[in-house]
Structures are given as structure tokens and as C-alpha cells.
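Protein chains in written order, with numbering that gives the first Met the number 0: chain A, 0 to 432; chain B, 0 to 432.
The structure appears right after this line, and notes come after that.
2 protein chains.
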Amino acid sequence: MNDTNEPGKVNELLERRQRLLGSGSPLFYDNPLHLVRGEGVWLYDADGRRYLDAYNNVPHVGHCHPRVVDALCQQARTLNTHTRYLHRNILDYGERLTATFDDSLSMLMLACTGSEANEIAIRMARRCSGNMGIIATNFAYHGNTTTVATISSVFTPAKERGPYVRTIPAPDSYRVPAGFPAGDLAAAYAKTVQAAIDSLEADGVGVAAMLVDTIYSSEGLPDVPAGYVADAVRRVRAAGGFFIADEVQPGFGRMGDHMWGYQHHGVVPDIVTLGKPMGNGHPISGVVARRELVTEFGESTMYFNTFGGNPVSCAAAAAVLDVLEDEQLVENARVVGDYVLAGLRSLQKRHDIIGDVRGRGLFFATELVTDRATQAPATAVAKRIVNAMRDKGVLISKIGVHDNVLKMRPPMPFSREHAELLLGTLDECLTEL
Amino acid sequence: MNDTNEPGKVNELLERRQRLLGSGSPLFYDNPLHLVRGEGVWLYDADGRRYLDAYNNVPHVGHCHPRVVDALCQQARTLNTHTRYLHRNILDYGERLTATFDDSLSMLMLACTGSEANEIAIRMARRCSGNMGIIATNFAYHGNTTTVATISSVFTPAKERGPYVRTIPAPDSYRVPAGFPAGDLAAAYAKTVQAAIDSLEADGVGVAAMLVDTIYSSEGLPDVPAGYVADAVRRVRAAGGFFIADEVQPGFGRMGDHMWGYQHHGVVPDIVTLGKPMGNGHPISGVVARRELVTEFGESTMYFNTFGGNPVSCAAAAAVLDVLEDEQLVENARVVGDYVLAGLRSLQKRHDIIGDVRGRGLFFATELVTDRATQAPATAVAKRIVNAMRDKGVLISKIGVHDNVLKMRPPMPFSREHAELLLGTLDECLTEL
């Protein structure tokens, strides 16, 4: 391998990339990283320099976890085929997976990506409700296929969302819309859901579903007012729609105390969508849903996914569950997560630019503001911090409507030692501003 | 492993499957197969009985090909991450892949499934044409996400296709619609494309693209009248639309003389979509398109696919190209394909039920009819033959509007010896009718 991280070499890769993939293919950092190896929570560039990965959730149980790789390879050497033949793997895995949900969520459909999972969920909700309308937040990301792109307001402007989408604000307790009563935010936000329902019904479209990420990741990981989600879901169901919980980011124990993000809201979804961390990088995604919905959908139309549920992806996904259990990673997410959160709050006391600190388990949002009183977003500073962290060897990113929220979402085997490196480096970067 | 193929064991798997996946999850054969191992063109059931795979195109270079598995495993042990970091694999593979296309098709977007590839193609065509309409055949399959489902008439009834889809008949030289002039079928079929264009324009929708499988697989692999595709594409382009070639089934050399199905029609597409065989079972798909289209799409919207183009999938896909070249499998597809085709034509002489035999490379259609004069489809017989072949240890399937066309599409290392087993077994089944 003649790979290096010399500027000449990186520029050559950048030029080849521009020619082949174009400028529409996004890269992280002002100074893009050329990575060649991963192990646990560490990523290594072409010069052998290591970076603490405090960003990637796809390598859920750690980059290149040997148990997952071994399971993948053993099955890839044995048989990789579709689900029109019988195979134990999809049954063994699926029964184990659905057992982690509430009893009513007992059936499974498997696909390859979060986009595909959300497409299934929307098709199912529309089919079973007889309605077309989808309610999502005004800064959501749910995928890149035509239909889920229309509800991914993070990159789809309002005029391109078409007649079936209504957006609502994320239930943010820090940046509260003008006129919202501080004393009853849950009710105020729930009213925005009612307005979306009313609008869809007024247009004769009806409500098929409210589809939300249960921790509102792209929206900046807001502290959700207690009772809001349950109230919103009640209204959606009263209008004949379903609640689709997008667990692509919160799922598989990241929140530290539960396996699924919806469990924090005291309401059981009708349909749940799963993605990124499910196969630790192997493309597998899924939909877990109520029996009546899967049955009605299955009886009304054909759905077959060539790669979905193949024995290799199910072997990898089962190994992820094995590692989560055997290495007690959900408990680790809770313990280390609390430690990081306390550390971020301590940094907030010393750095005025930190307006708010939020998080649960191993997912953290640190909102930067130029003025705590006005909450003016420190967007440019957030960008500088993300790049400065990368230069110091710690990988994070940013989220939120104002792109001013530092996003930290490390692989699950993140330890207290890793946490100290993350916090210490962030402290340095904030101090050097 | 206590897996067996005893009826009791199979019934237990069927019951578990029904409970977990429901009846919407399709299985092949009246007597479903419980497979546990694959190697080359062979699949093995739980009792160790082997089956000649004359159906599956996903294991393109053969089930569990050791070079592909080794490439997959080596990269999975090293690094599996997304394309927001630089990595050589996507560039090395992508440059090599695009070099197999006409010069104008120079840019690449990678995803995980054929559905995702077709979704990208449609989004791109709509964005760059400013139109919404899609023209597809009336018995096409292009995927399972909301938008491509509307153009997958094989399972989406006309009333569910929405305002943006117009369907055309596949250009079939065997079953010619009433009133079509035998002397100029190409022109007659091209007129159906013109009618679709006119209808989309009359409704103010306009033409974004004609999207077709370049060998019309689901439609029954018709012999396409010479000049038809070029004429149809000319009309679509004159209306401001693009030609999207779905190469998910014909691509990667299956046709034996070219790498891509469109090369038989004397016209270069604007956008090409790739899927199933690309990673020999690893979920990878892609869009290869003209520079202007990828650039305009990339500048107008964000597109990012978490798993798409990751180093593991690119390593697997590169190994597929290695094996295709080193084992001269495209040449093999031509030579063995010609042998099978001649064998099928010979069977046609002895079995009246074979109304027509079609094929190219390693993809064959054998159309069964109860009466050659009336061409009445022998749908029930086709089903019996497919099941009888399975019971005798040879796996095939069926396609076509009347579900009466035997479909044979084996992995590419299919040899003359395998061909003889396929033909001999088919002869037996036809004789025993």
C-alpha cells in the first residue's frame, strides 16, 4: 500500500473523487480524512494516526468487531441467498429481535437501508389507513428515496414536499417558539400536530402516519416535554393514522436504559423502522410492526427484497445482539453516557458559548450560542470546533436547525477513558477559541 | 446442526415463518426448499441433497465464490465505513466499472439495492428534465419502494399507479397485439411510446424518463424488434425526457457478448441502474450516468447513502469483476448460452407445448402454450414443470404476463455439463407431462 496522508496524495484522491462521484458526494471536515483501518472506537488514517470515533453509530459494537466479522464471513462462505428459500437465520434472528419490543410489535420485514425501511412503513401505513398524509418534523432526515425525501426537510425545501406532507416543529424545550406557554409546552407542541392533521383532512388527504425519529436526532436532540409524544400519537390515531417510530438512530440500546427510543415516551408505536447500527455496517434494515398491519399489507400487495433478510445479513445482525448482551453495552451506554453528560455540563459552566447540553445514553448534543440570553446560534464556531476536534484526533459532527449543535454519538464500547479524551479535547478546543 | 428436510422440520420452519414474516413473504415451489449451503452453481438442502441452480443471478460468479468472500472478509476485518471519509476502494472500483460503459456514462452513485438505484435515477431524471412522467412497460418490475412500485406493474394495478406513470406493452415479437403490422413491429411498438408521451404532455406532466429493463426480463424476455428501442428513445428525448436503462438483470456480461443489455439496442442511455449481481450477494447497487445529470442532481439536492459505496461492498464488487475477467465468464455465457439455446430449440421440435424459445447469453425463456396456433398460454403446466424440475434437483422459475414462460438464468460459471443436466431434466419433465 502506497497510501499516505500527504497533501499530494489526498488531493489526488479528491480529484479522482470529483471526477467519478462529483461535488454532490459530501465529505466531512475542511481537511477530509483518508481512513484505512478501524478497530473498536478507533479509526486510523493512511499515515497510521489514530482518531477517537465519537461520531459513528453504524459500527454500533465497535469498528470491525471480530465476532460480527467472523459471523459475517462464516455465513458468506456457506450460503448467501434470498428469502424465497427457507433458512433458519432470519427466523432465529427475527424472533430474538421482536422479543425486545412490546408484545404488540411481533412481526418483521427486512430490507437493506433505513430509507427502504421507512418506505415500507409509509406504504404499509397508507395501505392500512386508506389515507396518504404523512406528518414529520420540519428538520427531519428519514432517507433518500423519492417519498422519504419529501419528509426529509433537512434537505427538501417546502415547495418540493408535495401535497401529502405536513411538517411540525420538533418538541424543543430550549428554543421555544414565540407565544408558546412555558408552563405547558407539551400541549402547545401537540397543537401543532393537530393543526397538521386538520390541514391534511381539510385537503381531503387524511392522515396515514406521523413518522418521527424518537430522539429527534437531526433536529438537535431536544429535551422533549413529558407527555408530548403520547398526546401527539393519540391525536394521530384519532384521525385514523399510525405512529411510525424511526429508531434508526436511537435504537439498539444507544439510549442506555432501554433498547428503543420510543420506550421513553410512554407510548407503543404501530410501526418501528430500524437501520444503521443493525448489522454493524453490513447493510440490513427492518420494519417491526403490529400483526394486523403486516398481514393487511402482505395480503394487499407483493413485497420482496432481494437482499433483505439474507442469511449473511441475519448472521451479522445476530452477532450484534450477542455482543450487545455479552459485553453489556447497553449498561455501558448508560454509565459512560451519564459520565459524559456530567462532563459536558461541567464544561458548560466554564464556557459561555455552551448554551445547552442534552443527551441520553451515548448520544449527546451541545448547543453553541454567541449569547445565552438571546440564544443566538454560534453556527460558525460549531464548524470551527468540529474541524479543530478532528485536527486534534477526535471525530464529532454537528446537527440542528441552526447547524450549531455539536453531535457526539460514539460506538457503544465507548469507555470512561475515551470519554475523558473526548471531554478534554473539547475543553481544549473551546479554550482556544 | 439438527437441520433436516423432514416434513416435520420444514413445517416447523414454515410455521415460525408465518408467525414472524406472515403470508406476504413469498416462497418458491409448492414444496419449499430449505437450503443450507451453496457452492458454484450448486445449492444444498438440509439433507445434503444438491440442486443445480439454473435460476439465481445474484450469485453472479457462483455461490460463495472464494475470491469474492475473501475480498469481503479481508475488508470487513480492516474497515467498513461510509463515503464521507476518503477511501481508495470506491475510486478504484468506480473507475474500473465506468470504463466498461460508453464514454458519456462516466459518473457513479452507489447505493444498496436495485430499488434505491431506480429511485436515484427517477429523482435525477425528474430534477434534470423538470418533468414528472415515467414511461415503463405494463408488466415491469423495478423495485419495491413507493415510487418504483408505481412503475412495477407486475404487482401494482393500474388504479394505484398515480398520475405520473404511463405504461406501454413490452416489444414482443411472439405475442403481437391485434392490429399491429407484422412487417413493421418496431414502428408499431414505438407508436405506443409516442402515445404515452402525448398522454403525459396532455396532462401537463411531461416526460421525465422511459425506464426499461433492457432485456424485458419480467415481461418474458421477448425478442425485441430491431430499431424499436432507438426509435422509442428518440421520441422520449425529443419530449425532453431521458432513457434510463435498468441493467439489474441483463448487466455484468450475462448477455454473453456485451457487458450491458443496452448495447444490443444501438443506443446509449442517459442513466443506467445496476443491482443484483454487482456484489455477488452483498447488497450493492449503483447508478452510472452522464456527467451533466449527476452534476445537476448533486448541485440541486443532497444525496447520501449510509451504506452505499462502503469499502467492504466495493471490495466485493471489485472481486466480481476480477472473477468475470479471470474466469472469462462473459465468453462462457456466450458459448454455453448458445449451447443451451440450441438445446431448448431442439426440445421445442419434440414438445408441442413449447411455443417459443428465446434467450441471449445465460438467460433463457421457454414459452409454454396449449396450442401453438392460438398461442393459448399453458400457465398451469408451467407451474407444474417448475415444481417437477425442483423435485428432480434443478431450480428454475417462470415469468411473463401469462406466467407461462419458463425462466432460466443460472450463475455465470454454468458449464456445458450443467447445461446438459438442465436440458435433460427439462426433457424428462416435459415427457412426463
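Beta carbons: idealized from backbone N, C-alpha and C, even for Gly.
Point to revise | Asn-55(B) at chain A interface by Cβ criterion, 8 Å | key: At a cut-off of 8 Å between C-beta atoms, Asn-55(B) counts as an interface residue with respect to chain A.
Point to revise | DSSP bridge partner residues for Ile-196(B) (one or two, in chain order) | key: In DSSP, Ile-196(B) forms no bridge with anything.
Review point. Thinking C-beta only, is Arg-344(B) closer than 8 Å to Val-356(B)?
Key: yes
Practice item. Grab the span of the alpha helix (DSSP H) containing Phe-296(B) for me, first residue to last. Key: 290 to 299
**Study point:** Assigned exposure category for Ser-284(A) - 16 Cβ within 10 Å defines buried
**Key:** buried
Point to revise | Residues, ordered as in the chain, of the region 111 to 124 of chain A that lie near chain B by beta-carbon distance below 9 Å | key: Cys-111, Thr-112, Gly-113, Ser-114, Glu-115, Glu-118, Ile-119, Ile-121, Arg-122
Check your understanding: Applying a beta-carbon distance threshold of less than 8 Å, which residues of chain B neighbour Gly-93(A)?
Key -> Leu-19, Leu-20
Review point. Is Leu-51(B) near the ligand MG, going by C-beta to nearest heavy atom under 7 Å?
Key: As for the ligand MG, it is missing from this structure, which has no ligand bound.
Practice item. Spell out whether any CB of chain D is found under 8 Å from the CB atom of Leu-273(B). Key: Among the protein chains of the structure shown, namely A and B, there is no chain D.
Practice item. State buried or exposed for Val-287(B), treating a residue as buried only when at least 16 other CB atoms are found within 10 Å of its CB. Key: buried
Check your understanding: Any idea what DSSP makes of Met-0(B), helix, strand or coil?
Key -> No answer about Met-0(B) holds up, because its pLDDT of 45 lies below 50 and its placement is not dependable.
Exercise for review: For Arg-174(A), I'd like the list of residues in its chain whose CB is within less than 7 Å of its CB, leaving aside the five on either flank, ordered along the chain.
Suggested key: Exclusion of the five residues before and after Arg-174(A) leaves Gln-374 as the residues of its chain whose Cβ lies within less than 7 Å of its Cβ.
Practice item. Out of Leu-340(A), Cys-313(A), Arg-415(A), point me to the one whose CA is closest to Asn-331(A)'s CA. Key: Arg-415(A)
Check your understanding: Which residue from Gly-336(B), Met-106(B), Val-266(B), His-64(B) puts its Cα closest to that of Arg-236(B)?
Key -> Val-266(B)
Review point. Out of Gly-7(B), Leu-19(B), Ala-124(B), which has the shortest C-alpha to C-alpha gap to Glu-295(B)?
Key: Ala-124(B)
Review point. For Ala-53(B), which residues of its own chain have a beta-carbon under 7 Å away from its beta-carbon, when the five flanking residues on both sides are left out?
Key: Val-393, Leu-394, Ile-395, Met-407, Pro-409, Leu-421
Practice item. Kindly indicate which three-state DSSP category Thr-145(B) falls into: helix, strand or coil? Key: helix
Review point. Exposed or buried, what is Glu-11(A) when buried is set at 16 or more other beta-carbons lying within 10 Å of its beta-carbon?
Key: exposed
**Study point:** Interfacial residues, the region 7 to 37 of chain A to chain B, with Cβ spacing under 9 Å
**Key:** Taking 9 Å as the cut-off between beta carbons, the residues of the region 7 to 37 of chain A near chain B are Val-9, Leu-12, Leu-13, Arg-15, Arg-16, Arg-18, Leu-19, Leu-20, Gly-21, Ser-22, Gly-23, Ser-24, Pro-25, Leu-26, Phe-27, Tyr-28, Pro-31, Leu-32, His-33, Leu-34, Val-35, Arg-36, Gly-37, in sequence order.
Exercise for review: Would you verify that the beta carbon of Cys-72(B) is, or is not, closer than 8 Å to some beta carbon of chain A?
Suggested key: yes
Check your understanding: Comparing the C-beta of Tyr-163(A) with each C-beta of chain B, is any distance below 8 Å?
Key -> no
Check your understanding: In its own chain, which residues sit with a C-beta less than 7 Å from the C-beta of Glu-38(B), not counting the 5 before and 5 after it?
Key -> The residues are His-62, Cys-63.
Review point. If you check the beta carbons only, do Cys-111(B) and Gly-280(B) fall under 8 Å apart?
Key: no
Check your understanding: Are the CB atoms of Leu-367(B) and Gly-354(B) nearer to each other than 8 Å?
Key -> Their beta carbons are under 8 Å apart, which means Leu-367(B) touches Gly-354(B) by this criterion.
Review point. Of all the CB atoms in chain A, is at least one closer than 8 Å to the CB of Val-293(B)?
Key: yes
**Study point:** Whether Phe-271(B) touches Ala-244(B) by CB criterion (8 Å)
**Key:** It should be noted that the sequence gives Val, not Phe, for residue 271(B). Closer than 8 Å, so yes.
Check your understanding: Excluding five sequence neighbours on each side, which residues of the same chain lie with their C-beta closer than 6 Å to the C-beta of Met-0(B)?
Key -> Only weak support is given to the placement of Met-0(B): the predicted model assigns it a pLDDT of 45, under 50, and the value that follows is read from those uncertain coordinates. There are no such residues.
Exercise for review: Return no unless some Cβ of chain B is closer than 8 Å to the Cβ of Ala-139(A).
Suggested key: no
Exercise for review: Output the distance between the C-alpha atoms of Arg-95(A) and Gly-142(A), rounded to the nearest integer angstrom.
Suggested key: 26 Å
**Study point:** Closest by C-alpha distance to Leu-32(B), when choosing among Gly-21(B), Leu-51(B), Leu-19(B)
**Key:** Nearest option by C-alpha distance: Leu-51(B).
Check your understanding: Any idea what DSSP makes of Ile-150(A), helix, strand or coil?
Key -> coil
Exercise for review: Can you check DSSP and say which residues form a bridge with Asn-30(B)?
Suggested key: Paired residue(s): none; Asn-30(B) is not in a bridge.
Point to revise | Start and end residues, beta strand (DSSP E) containing Met-258(B) | key: In the DSSP assignment, Met-258(B) falls outside any beta strand (DSSP E), carrying neither H nor E.
Exercise for review: Tell me where the alpha helix (DSSP H) around Leu-340(B) begins and ends.
Suggested key: From DSSP, the alpha helix (DSSP H) with Leu-340(B) extends over 328 to 349.
Review point. Shorter than 8 Å from the beta carbon of Leu-90(A) to some beta carbon of chain B?
Key: yes
Exercise for review: Would you kindly work out how many angstroms separate the C-alpha atoms of Glu-435(A) and Met-411(A), rounded to a whole number?
Suggested key: In this structure chain A extends from 0 to 432, so residue 435(A) is not present and cannot be described.
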